[in-house]
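Sequence order for the protein chains is A and B.
First residue of the first sequence? That's 1 in our numbering, and the numbers climb one at a time after it.
First residue of the second sequence? That's 191 in our numbering, and the numbers climb one at a time after it.
Each remark here refers to the structure printed beneath this line.
Number of protein chains: 2
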Amino acid sequence: MKRGLRILGIDDGPFKKGENYKTVLVGVLTKFNSYIEGITIRKIDIDGTDVNDQILSMFNGRFNREINLIMTNGITFGGFNIMDISLIHDKTKIPVISVVRKKPNIASMENAIIKHFEDSEYRISIIKKSYPEEFLFSGKKLYVNYAGLDYTEVKGIIEKTTIMGNIPEPIRLAHIVATAIIKGESYGNV
Amino acid sequence: MKRGLRILGIDDGPFKKGENYKTVLVGVLTKFNSYIEGITIRKIDIDGTDVNDQILSMFNGRFNREINLIMTNGITFGGFNIMDISLIHDKTKIPVISVVRKKPNIASMENAIIKHFEDSEYRISIIKKSYPEEFLFSGKKLYVNYAGLDYTEVKGIIEKTTIMGNIPEPIRLAHIVATAIIKGESYGNV
Numbered sequence: 001m002k003r004g005l006r007i008l009g010i011d012d013g014p015f016k017k018g019e020n021y022k023t024v025l026v027g028v029l030t031k032f033n034s035y036i037e038g039i040t041i042r043k044i045d046i047d048g049t050d051v052n053d054q055i056l057s058m059f060n061g062r063f064n065r066e067i068n069l070i071m072t073n074g075i076t077f078g079g080f081n082i083m084d085i086s087l088i089h090d091k092t093k094i095p096v097i098s099v100v101r102k103k104p105n106i107a108s109m110e111n112a113i114i115k116h117f118e119d120s121e122y123r124i125s126i127i128k129k130s131y132p133e134e135f136l137f138s139g140k141k142l143y144v145n146y147a148g149l150d151y152t153e154v155k156g157i158i159e160k161t162t163i164m165g166n167i168p169e170p171i172r173l174a175h176i177v178a179t180a181i182i183k184g185e186s187y188g189n190v
Numbered sequence: 191m192k193r194g195l196r197i198l199g200i201d202d203g204p205f206k207k208g209e210n211y212k213t214v215l216v217g218v219l220t221k222f223n224s225y226i227e228g229i230t231i232r233k234i235d236i237d238g239t240d241v242n243d244q245i246l247s248m249f250n251g252r253f254n255r256e257i258n259l260i261m262t263n264g265i266t267f268g269g270f271n272i273m274d275i276s277l278i279h280d281k282t283k284i285p286v287i288s289v290v291r292k293k294p295n296i297a298s299m300e301n302a303i304i305k306h307f308e309d310s311e312y313r314i315s316i317i318k319k320s321y322p323e324e325f326l327f328s329g330k331k332l333y334v335n336y337a338g339l340d341y342t343e344v345k346g347i348i349e350k351t352t353i354m355g356n357i358p359e360p361i362r363l364a365h366i367v368a369t370a371i372i373k374g375e376s377y378g379n380v
C-alpha cells in the first residue's frame with residue numbers, strides 16, 4: 001500500500017429509537033494512515049435507504065479526486081439503512097472495505113428486517129451478499145466485507161491504518177466526530 | 191515536553207454576520223502530538239462574552255483529568271467573544287497557548303469594539319493584556335500568547351505538535367471539525 005493512499009473513513013452518529021428521524025453520516029479523509037485532510041458530513045434517514053446515495057454524494061463532492069479507498073464501520077447506518085458495498089464499488093471504481101468488531105448476527109438482522117420493513121426483500125438481498133469474513137488482527141477478531149481488492153490487500157490496509165486498539169484510524173476518527181456532533185462529547189470508543 | 195502530554199486544541203466554527211446568534215466551539219483532545227482521543231463541542235454567542243465559561247466547561251467536563259495544556263486558535267471566537275488567557279490559566283492551573291498565523295491588527299480591533307459594544311472597556315482590557323508575541327517557525331511568522339509556561343517551552347510544544355504547514359495539530363484538527371459542523375465540509379485550511 002502506498003503511504004499516501006487517501007482513505008475516506010465513514011461512520012454514523014448515534015440516535016435514540018423514536019426520537020430522531022435522521023442522524024449524521026461523517027466521512028473523514030485521511031492520508032499517511034491517520035493524518036486528517038478533511039471532513040464531510042451528510043444526514044441519513046433512520047432505518048431509511050439513502051445511505052448509498054449519501055456515500056456517493058460524499059465521493060462526488062469536492063473530495064472526489066482525492067479518495068483512493070472507502071472504509072466504513074459496518075454496513076448498517078442509522079439503524080437498518082444498509083450500504084451495498086458492491087454498488088458503491090461499481091459506481092466509484094475504488095475499493096471499499098467495511099470493518100466491524102462485533103460479529104454481526106445475520107439471522108437476527110434478517111428477522112428484524114422481515115418484521116419491520118415492507119421492502120424487506122431489498123434489504124435482505126444486500127445483507128445476503130455481504131456476509132462478513134472473519135479476520136484475525138492483533139490477536140482479536142474483526143469482521144470484514146470488501147470489494148475491489150483481495151484479502152491480502154485488505155489485511156495490509158487494516159494493519160497499516162490501525163494505530164491503537166484494533167479499529168483502523170479512518171473509521172475510529174469518523175466515529176469520534178459523528179458521536180461528538182450528536183452527543184456533544186466523544187471519547188473514541190468505537 | 192512529555193510525548194504523552196494531552197492537549198485540548200480549541201477553535202470556533204464560521205458564521206455569517208447577522209444570520210446566526212451562535213456558532214460552535216470545538217475542543218479536540220490529542221495525545222502524542224496528534225492522536226485524537228476525544229472531541230467536545232459547545233456553543234458560544236456571536237460577539238458574546240461566554241467563551242471563557244465554555245472553555246472552562248470543557249475543562250471541567252469528563253475530559254478534566256486528561257488535559258495537560260490548552261491550545262487555541264487566537265483569542266477571539268465567534269466574532270469578538272474574547273478569551274482571557276490569564277483567567278483560563280488561573281482557573282484551570284494548566285498552561286494555555288494561543289496561536290495565530292495572521293498578525294492581529296490590535297488598533298482596528300479596539301476601534302471596532304469601541305464602536306459596537308457597550309462593554310467595550312471590559313473587552314479592550316483583555317485585548318490590552320494579550321498583545322501577541324512574534325514567533326518564527328519553519329521560516330514563517332506565528333503570533334502567540336501564553337500563560338503558565340515560558341517562551342522556550344511554548345516553542346518546543348509548537349514545534350512538536352506541528353506536522354505539516356505551520357499550525358499545531360490540536361488547533362488544525364479543532365478547526366477542521368468546527369468548520370465541517372457548520373459548513374458540512376472542511377478541507378483543513380486554518
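For every residue, glycine included, the Cβ atom is placed at its ideal position computed from N, Cα and C.
Predicted, not measured: the structure shown is a model, and the values here were computed from it.
{"Query": "Per-residue contacts from I260 (chain B) into chain A (C-beta, under 8 Å)", "Result": "Simply none; closest approach about 16 Å."}
{"Query": "7 Å CB neighbourhood of T179 (chain A) in its chain, flanking five on each side removed", "Result": "G13, P14, S186"}
{"Query": "Three-state secondary structure assigned by DSSP to Y131 (chain A)", "Result": "coil"}
{"Query": "Inter-residue Cα distance where the pair is S138 (chain A) and D11 (chain A)", "Result": "22 Å"}
{"Query": "Inter-residue spacing [alpha-carbon to alpha-carbon] between V28 (chain A) and E311 (chain B)", "Result": "43 Å"}
{"Query": "Assigned secondary structure, E118 (chain A) (DSSP; H/G/I helix, E/B strand, else coil)", "Result": "coil"}
{"Query": "Neighbourhood of Y146 (chain A) by C-beta, 6 Å cutoff - its chain only, sequence neighbours within 5 removed", "Result": "I97, V154"}
{"Query": "Element boundaries [alpha helix (DSSP H), containing K155 (chain A)]", "Result": "151-161"}
{"Query": "Nearest-angstrom Cα separation, counted from I231 (chain B) out to G251 (chain B)", "Result": "11 Å"}
{"Query": "Span separating the alpha-carbon of K103 (chain A) from that of K212 (chain B)", "Result": "42 Å"}
{"Query": "For S328 (chain B), three-class secondary structure by DSSP", "Result": "coil"}
{"Query": "T196 (chain B): contacting residues in chain A (beta-carbon distance under 8 Å)", "Result": "Checking the displayed sequence, the identity of residue 196 (chain B) turns out to be Arg instead of Thr. What R196 (chain B) touches in chain A: nothing, since even the nearest Cβ is about 12 Å away."}
{"Query": "Residues from the region 349-373 of chain B in contact with chain A, defined by Cβ distance under 7 Å", "Result": "I353, L363, I366, V367, A370, I371"}
{"Query": "Partner residues on chain A for E227 (chain B), Cβ-Cβ distance less than 8 Å", "Result": "Y187, G188"}
{"Query": "Close Cβ partners of D45 (chain A) (< 7 Å) along its chain, the five nearest in sequence each way excluded", "Result": "Y21, K22, G78, N81"}
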